[in-house]
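S.K.: There's a structure below that I have some questions on.
2 protein chains.
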Amino acid sequence: MSGSTAASLPASQPRYVLVAQALIQDIENGRYAVGGLLPPELELCAQFSVSRHTMREAIRKLQEQGLIVRRRGVGTRVKAARPASRYVLSAATISDLLPYVKDTRLVTSKATAIIADAALSTRIGCKHSQRWLRVSGFRFAGTGKLPMALTEIYINPAFSGIQWLIGTLKVPVYTLIEQQFGERVVEVRQEIRAAKIAAKDAKRLSVETGTAGLVITRHYLGSNGRVLEITVNLHPADRFSYLSSLRLHVPATPLE
Amino acid sequence: MSGSTAASLPASQPRYVLVAQALIQDIENGRYAVGGLLPPELELCAQFSVSRHTMREAIRKLQEQGLIVRRRGVGTRVKAARPASRYVLSAATISDLLPYVKDTRLVTSKATAIIADAALSTRIGCKHSQRWLRVSGFRFAGTGKLPMALTEIYINPAFSGIQWLIGTLKVPVYTLIEQQFGERVVEVRQEIRAAKIAAKDAKRLSVETGTAGLVITRHYLGSNGRVLEITVNLHPADRFSYLSSLRLHVPATPLE
DNA sequence: CGCTATTTGTGCGTATGTATC
DNA sequence: GGATACATACGCACAAATAGC
Numbered sequence: 000m001s002g003s004t005a006a007s008l009p010a011s012q013p014r015y016v017l018v019a020q021a022l023i024q025d026i027e028n029g030r031y032a033v034g035g036l037l038p039p040e041l042e043l044c045a046q047f048s049v050s051r052h053t054m055r056e057a058i059r060k061l062q063e064q065g066l067i068v069r070r071r072g073v074g075t076r077v078k079a080a081r082p083a084s085r086y087v088l089s090a091a092t093i094s095d096l097l098p099y100v101k102d103t104r105l106v107t108s109k110a111t112a113i114i115a116d117a118a119l120s121t122r123i124g125c126k127h128s129q130r131w132l133r134v135s136g137f138r139f140a141g142t143g144k145l146p147m148a149l150t151e152i153y154i155n156p157a158f159s160g161i162q163w164l165i166g167t168l169k170v171p172v173y174t175l176i177e178q179q180f181g182e183r184v185v186e187v188r189q190e191i192r193a194a195k196i197a198a199k200d201a202k203r204l205s206v207e208t209g210t211a212g213l214v215i216t217r218h219y220l221g222s223n224g225r226v227l228e229i230t231v232n233l234h235p236a237d238r239f240s241y242l243s244s245l246r247l248h249v250p251a252t253p254l255e
Numbered sequence: 000m001s002g003s004t005a006a007s008l009p010a011s012q013p014r015y016v017l018v019a020q021a022l023i024q025d026i027e028n029g030r031y032a033v034g035g036l037l038p039p040e041l042e043l044c045a046q047f048s049v050s051r052h053t054m055r056e057a058i059r060k061l062q063e064q065g066l067i068v069r070r071r072g073v074g075t076r077v078k079a080a081r082p083a084s085r086y087v088l089s090a091a092t093i094s095d096l097l098p099y100v101k102d103t104r105l106v107t108s109k110a111t112a113i114i115a116d117a118a119l120s121t122r123i124g125c126k127h128s129q130r131w132l133r134v135s136g137f138r139f140a141g142t143g144k145l146p147m148a149l150t151e152i153y154i155n156p157a158f159s160g161i162q163w164l165i166g167t168l169k170v171p172v173y174t175l176i177e178q179q180f181g182e183r184v185v186e187v188r189q190e191i192r193a194a195k196i197a198a199k200d201a202k203r204l205s206v207e208t209g210t211a212g213l214v215i216t217r218h219y220l221g222s223n224g225r226v227l228e229i230t231v232n233l234h235p236a237d238r239f240s241y242l243s244s245l246r247l248h249v250p251a252t253p254l255e
């Protein structure tokens, strides 16, 4: 009998946790095969010398991790030897995922048609000699006077006829694209890194040269994988931090 | 037993489900305020005329949806009126979302029991005078010789008996906790910001003082919202960047 | 500071309902 | 129908954490 170790320990941990661990161990060891059935509750109760209540609590632990599937009248089937956990960014809208689009305003001055040279294409990760509509500006939080970021936006020239781009923007540019061209953002790829703020940018942000800054580069992709826009944001270290919350997504409990 | 109420009800739904729905309704209606406490279990048992077992099953339903947080000796606090939305999400495994856990190794030397002073508690975002088991070390990528990060880990003292913590770690500490204590990470909150690397840390990382660095602070939460572990990673700017891809996903409406 | 009351956590026993084979 | 197995539900007792006196 292998399960005896768990039950005999007076153990700092609750009994049902020990039993659960023993069961998981037994599954990993192959004593209970994936796809096979676990012994019935009462039999397990006897093996581990615990009450049915405690055993069910232990089994529930396995269930929470998606290791087993239970069906009344049938039994408890082993589904996997290891939890297949999926963590997700929980958010209601895309702007919750990209923290600072909300309650901020972007002030832009002019848009310029450009062609990416070698330096730019490596910096923003696009093909060489790619055409873009370039807009730059400052992003302000709430009623703040100091900008929270220096922003560059590279818009796919397919949308060069875009309206309301210059001035004070309270909605993201991709929203303008969606509204005016019906093209929806399906994927956002972002890179976050640290960098020293160069003299020119430092001056515009009113910080000292050499200060640390956070650089966030985002590619917004449409439904067919086309890059709709690229944004580059440079944040002074003390004016911004990037927060996110990843939640474990558990597939809904099996309905009968 | 005399014919119990449970037996007399043909019950379209189990009793604990009905009770859970009623409780959720009461929260939505504002009878129980968000941030406030629910009545104690026994009181609710009396109100609904159910056993404590049934009531706990009902309460567990609310807990699974993240609507409440329970603390022994305190009570059941209402956290939200609606389950956290799973509307827009980026699906990925945890090691995809937390890029560097894979293919890296963490080298630790010793663990120390500490109590958070004012400075530390604000730095890592915990309560003052909170106890922690502190471990620090270096994280290396692949076969690299230079560390990609300076890492500090603060472990909930409930897990101070944790094994295999010192040396070269190829799995995350939360995996150790999960394996050894059966406590699962349900949510990860992370903050990313930029900072200048201080002299002491610069030396240990073999970079020049004043270089820009990326600081990633993560709180790993268990099923009851308890903080299992906090990690602080300091990355030299040129040795690390944080990549992520957020996909738009439309889930099937749960509506159990 | 220790004590007590409160509240949730853990654990046991038992009985009955219901789906599956 | 009968046997099996999980699901639901009642009861009780004590442990552990917390808050307040």
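Which chain is which? The protein sequence lines are A and B, in order.
Residue 152 in numbering that gives the first Met the number 0 sits at position 153 of the first sequence; the count goes up by one each step and never skips.
Residue 141 in numbering that gives the first Met the number 0 sits at position 142 of the second sequence; the count goes up by one each step and never skips.
All residues carry an ideal CB built from backbone N, CA and C; glycine is no exception.
How many Å lie between residue 127 (chain B) and residue 23 (chain A) at the Cα?
M.R.: 37 Å
S.K.: Could you run through the region 186-201 of chain A and flag, in chain order, every residue whose CB is less than 7 Å away from some CB of chain B?
M.R.: 186, 187, 188, 189, 190, 191, 192, 193, 194, 195
S.K.: Within its chain, find whatever has a CB closer than 8 Å to the CB of residue 108 (chain B); leave out the 5 residues flanking it on each side and keep chain order.
M.R.: 135, 136, 165, listed in sequence order.
S.K.: Grouping DSSP H, G and I as helix and E and B as strand, with all else coil, what is residue 156 (chain B)?
M.R.: Three-state result, residue 156 (chain B): helix.
S.K.: Give me the DSSP bridge partner(s) of residue 256 (chain B).
M.R.: Residue 256 (chain B) lies beyond the stretch modelled for chain B, which goes from 0 to 255, so this question has no answer here.
S.K.: Name, going along the chain, the residues of the region 47-65 of chain A whose beta-carbon falls closer than 8 Å to a beta-carbon of chain B.
M.R.: Along the region 47-65 of chain A, the positions whose C-beta sits under 8 Å from a C-beta of chain B are 60, 63, 64, read in chain order.
S.K.: So, residue 215 (chain A) versus residue 176 (chain A), is the Cβ gap smaller than 8 Å?
M.R.: no
S.K.: Can you check whether the C-beta of residue 22 (chain A) is within less than 8 Å of a C-beta belonging to chain B?
M.R.: Chain B, which has no Cβ nearer than 8 Å to the Cβ of residue 22 (chain A), makes this no.
S.K.: Just the chain B side, please: which residues come within less than 8 Å of residue 43 (chain A) by C-beta, in chain order?
M.R.: Within chain B, no residue comes near residue 43 (chain A); the closest Cβ sits about 17 Å away, beyond 8 Å.
S.K.: Residue 18 (chain A) and residue 54 (chain A) - do their beta-carbons sit closer together than 8 Å?
M.R.: yes
S.K.: Could you tell me whether the Cβ of residue 178 (chain A) comes closer than 8 Å to any Cβ of chain B?
M.R.: no
S.K.: What are the residues that DSSP puts in a beta bridge with residue 243 (chain B)?
M.R.: A:189
S.K.: Give me, in chain order, the residues of the same chain whose beta-carbon lies closer than 7 Å to that of residue 113 (chain A); leave out the 5 immediate sequence neighbours on both sides.
M.R.: 131, 133.
S.K.: Quick check on residue 16 (chain A) - is its C-beta less than 8 Å from some C-beta in chain B?
M.R.: yes
S.K.: By the three-class DSSP mapping on this structure, what secondary structure does residue 60 (chain B) have?
M.R.: In the three-state reduction of the DSSP assignment, residue 60 (chain B) falls in the helix class.
S.K.: By how many angstroms is the C-alpha of residue 183 (chain B) removed from the C-alpha of residue 229 (chain B)?
M.R.: 14 Å
S.K.: Can you pull the chain A neighbours of residue 160 (chain B), defined as C-beta to C-beta under 8 Å?
M.R.: Ordered by position in chain A, the residues that pass the 8 Å Cβ test against residue 160 (chain B) are 11.
S.K.: Would you grab the beta carbon distance between residue 211 (chain A) and residue 195 (chain B) for me? Rounded to a whole angstrom, and I think it's under 8 Å.
M.R.: 5 Å
S.K.: For the region 226-241 of chain A, which residues have a beta carbon sitting closer than 9 Å to at least one beta carbon of chain B?
M.R.: 234, 235, 236, 237, 239, 240, 241
S.K.: Applying the 10 Å Cβ sphere with the 16-neighbour rule, what's the burial state of residue 257 (chain A)?
M.R.: Missing from the structure shown is residue 257 (chain A); chain A here goes from 0 to 255 and no further.
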